[in-house]
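Inspection log for the structure reproduced underneath, given as structure tokens.
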Amino acid sequence: MIVQGSVLATAGIISRIIGLLYRAPLTGIIGDEGNGYYSTAYNIYSIVLLISAYSIPSAMSKIISQKLAVHEYRNAQRIFHCALIYVCVVGGIGSLFVFFGAPFLVDGYSIPVLRFFAPVILIFGPLGVLRGYFQAHRTMVPTSVSQLVEQFLNAFVSVGAAYFLVKFAISKGSDDSTRAMYGAIGSSLGTGSGVVIALIFMYFVYSINKDYINRKVIHDHHEDMQYKEIFRLIIMIVTPFILSTAIYNLSTTMNSTLFSKIMTYSKNIPHNEVVTRYGVFSQKAVVIANFPISIAAATAATIMPSISTYFAQKNYERTEALVEKVYRMINMIAIPSAVGLFALADPIIMLLFPQRATIHEAGFLMQMLAVTVVFYSLSTVSNAILQGIGRVNAPVLNATFALIVQTALLVVLLLFTNLGNKALAIVTITYSFLMCVLNEHSISKVLNVKQDIMKMYLLPAGVSAVMGTVAWGVYELFKLLFEKFISRDYFVNLFAVMIAVFVAVIIYAVGMVRTNAVTEEELKSFPKGHTLVGLLKKVHIMKS
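Residue numbers (the numbering used here): 10 to 553.
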């Protein structure tokens, strides 16, 4: 199961990389204003999708795997069919709600963008059921491949459709805001096309396995579950998943809505300017900050099944040791990532989003958000730990409290200060910090996790501080050097960043090994640890 989890985690990381890379050309086409329209619509779409379909894979995997474990293949298949009916009904309602309710959910040019998202909600439901179905059969490969196929087509169509629609708007003589709207619509078409191709792929995989599945069903003689009982079971299992995921993701939608309303109607700032400022925050600073968070969470996910297993066996000592290992692994990734983003904020922004007008604004926002890489990485993992040890309500309650605090703070900051989108960064830090602290407190009530503060926090932070300082110095040095014989600023920045990052990785690796912040045995216990140890020995960072 850990191997299967690694497959899914790897696919998730690759999908994130694709998602990060295509944002650069897309932003070049639709601009920060187009990003703002897209983000505003996407936030509403995400919440409705979470409620109607996004929790289905996890819920279906849990229900169907329980039946497969006792060889009730016919009932597993009946649950699968009922789940398809459920998502089509709920997804259909969600699609209609978004399409006709768009004028009440978003403002101005975000309305048509949101309407293009509406059909995707209906299409995503069956895709989620199929993914959960195969996860229940202990194979993550179809889900992983479908994620990659979805992201590839999403990237291709988003950029292509945005380009042609913006060209169309220009040919009509449209103003800048209308062009940005057309670009955002093109980006939404990419999201929809990705879901469609992923659904086609998953159905193809299912059809290949259908004969094998039917043979299992025919030879199953267990008593059939009643459809009424199945739908009741689906609703009972899905509801907690919906509640928890909706609350976790509600902060983004709340922040977007409040920022738009208060800045437009209370501060009397033109709507297109408000949308542009939100676009810089959400589609530049946040997108980059989220990347290391996803890597940290995906890496730790490979160990999570073992935590659930040991806790179920009441082997608390082994559970606590694994939790401590996960925390250390997360900090080894998140802390240097946060420092690196802070030290090289402007260069990284220029590398991925070379629109000169907003480089410094986005860079400053990313420096503010750098610390959330650590907080969100730890809170994401602690959410999974709490669920693994059976405390499923704790993360929901913690998220609710954090949401109330950050929402109240955002209203105060927007109404009584001129911080603008910096207020969004402040409340994001607040929310992630509260989630981190509250989840840790909830875990401490159940497990006595021994944390070596020196090795877990102080040494990685100290080594990372040195790494960040040197990386910044190396960047500035090579930037001055390359400027003498390279005329294009973008390529000067590109080469200087590449060298600075390479030096940073070497310094961090050497520092962690030389200070004994991590030992060979500890590294080997991590996923792919033996490979990493072999590499470190090969380059003489770790002694043979």
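Beta carbons: idealized from backbone N, C-alpha and C, even for Gly. Quick caveat, the model's predicted, so the values are computed rather than measured.
By the neighbour-count criterion, in which 16 or more other beta carbons inside 10 Å mark a residue as buried, SER275 falls on the exposed side. Here the C-alpha atom of ARG224 lies approximately 10 Å from the C-alpha atom of ASN218.
Taking GLY349 as the centre and dropping the five residues before and after it, the same chain places the C-beta of GLY477, ALA480 and ALA513 closer than 7 Å to its C-beta, in chain order. One alpha carbon belongs to ALA354, the other to ILE495, and they sit about 22 Å apart.
Exclusion of the five residues before and after VAL475 leaves ILE516 and GLY520 as the residues of its chain whose Cβ lies within less than 8 Å of its Cβ. For LEU350, the enclosing alpha helix (DSSP H) stretches over residues 325-352. The alpha carbon of THR273 has as its nearest neighbour, out of ARG32, THR261 and TYR287, the alpha carbon of TYR287. Non-local C-beta neighbours of VAL436 in its own chain, meaning closer than 6 Å and more than five positions away in sequence, comprise GLN415, LEU418 and LEU419, ordered along the chain.
Linking LEU252 to ILE72 through their CA atoms gives a straight-line distance of about 17 Å.
Taking 9 Å as the cut-off, the beta carbon of LEU378 is found no closer than this to the beta carbon of ALA321.
By alpha-carbon distance to VAL455, the top candidate from GLY195, ASN163, ASP461 and GLN396 is GLN396.
Pairing GLU232 with SER24 gives a Cβ-Cβ distance that is not under 9 Å. Remark: C-beta atoms of VAL122 and THR49 approach each other more closely than 9 Å. In the displayed model, PRO279 falls within coil according to three-state DSSP, outside both helix and strand. One alpha carbon belongs to ALA408, the other to TYR51, and they sit about 21 Å apart.
The residue among GLY203, SER265 and LEU406 with its C-alpha nearest the C-alpha of LEU423 is SER265. Per DSSP, MET465 lies in no alpha helix (DSSP H) and is assigned neither H nor E. In chain order, ARG124 and ALA127 place their CB closer than 7 Å to the CB of PHE108, counting only its own chain and leaving out the 5 sequence neighbours on each side.
Straight through space, the alpha carbons of ILE550 and VAL166 are spaced by roughly 44 Å. The shortest C-alpha to C-alpha distance from GLU326 to any of ALA432, VAL483, ASN163 and LYS459 is the one to LYS459. The Cβ-Cβ distance between GLY100 and ALA189 does not fall below 9 Å.
Comparing alpha-carbon positions, the option among MET245, GLY169 and VAL522 lying closest to PRO469 turns out to be VAL522. The DSSP-derived three-state label of GLU530 is helix. Distance from VAL96 to GLY137 at the Cβ level is roughly 7 Å; contact confirmed, criterion being Cβ atoms closer than 8 Å.
Uninterrupted alpha helix (DSSP H) stretches at least 4 residues long and entirely within the region 229-304 occur at 236-270 and 280-289, given in chain order.
For GLN396, the enclosing alpha helix (DSSP H) stretches over residues 368-397.
Taking C-beta atoms under 8 Å as the contact rule, PRO356 and TYR499 fail to qualify, at a distance of about 11 Å.
Segment contact: the region 335-342 against the region 377-391, three or more CB-CB distances shorter than 8 Å; contact assigned. One thing to note: MET234 has its Cβ within 9 Å of the Cβ of ARG87.
Rounded to whole angstroms, SER104 and SER74 show a C-alpha spacing of 29 Å. Here VAL289 has ASP41, THR367, GLU370 and ALA371 as same chain residues with Cβ atoms under 6 Å from its own Cβ, once five neighbours each way along the sequence are excluded. For LYS176, the enclosing alpha helix (DSSP H) covers residues 150-180. Residue environment for TYR221: exposed (fewer than 16 other C-beta atoms within 10 angstroms of its C-beta).
When secondary structure is reduced to three states using DSSP, MET551 falls in the coil class, being assigned neither helix nor strand.
Per DSSP, reduced to three states, the secondary structure at PRO404 is helical.
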